[in-house]
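Residue numbers (our numbering): 9 to 157.
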């Protein structure tokens, strides 16, 4: 038996990057933006001039986190905050990020990739990622669905 999986294409990944950069510029923030495929493998990346070096890995890890479970990175905190064994155990998992800025990219109800943004406060990162998701959805509604924050 085999599975057929959809994956984000390079053109759509670049649309997400461009929209994220545009939103970042409008906000006056220098960000790193990562787009991964459905398996969490890097598809596209951009580091804006002046973005913190640490944000390079954090953006990629936010996208990886979102792709790993198909849920926004910030949803992890609510999921684990009241469960001490899980809180103390899972936060030692490499690449797991439990604050905002990582979102799955959906097409027809199926995850095709994820985006991660880092460089500002996580609330800024979330706004930039949402702008990218909206741009991807607006460019071709059959290709992506905007997920609520």
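By construction, the Cβ of each residue, glycine as well, lies at the ideal position given by its N, Cα and C atoms.
Mind checking residue i: buried by the 16 CB within 10 Å criterion, or exposed?
{"i": "residue 80", "result": "buried"}
{"i": "residue 9", "result": "exposed"}
{"i": "residue 100", "result": "exposed"}
{"i": "residue 141", "result": "buried"}
{"i": "residue 4", "result": "This structure cannot speak to residue 4, because the chain is shown only from 9 to 157."}
{"i": "residue 82", "result": "buried"}
{"i": "residue 112", "result": "buried"}
{"i": "residue 146", "result": "exposed"}
Can you grab the Cα-Cα spacing for the pair residue i / residue j, in whole Å?
{"i": "residue 71", "j": "residue 116", "result": "19 Å"}
{"i": "residue 150", "j": "residue 51", "result": "Bear in mind that a pLDDT of 44 at residue 150, under 50, signals an unreliable position, so the model cannot answer this."}
{"i": "residue 119", "j": "residue 75", "result": "8 Å"}
{"i": "residue 13", "j": "residue 121", "result": "11 Å"}
Do residue j and residue i come within 7 Å of each other at the CB atom, strictly closer than that value?
{"i": "residue 125", "j": "residue 31", "result": "no"}
Run the proximity test for residue i: is its beta-carbon closer than 6 Å to any non-hydrogen atom belonging to the ligand GDP?
{"i": "residue 134", "result": "The ligand GDP is not among the ligands present in this structure, which contains no ligands whatsoever."}
Q: Inspect the CB distances between the segment 40 to 49 and the segment 15 to 29 and report whether three or more fall short of 8 Å.
A: yes
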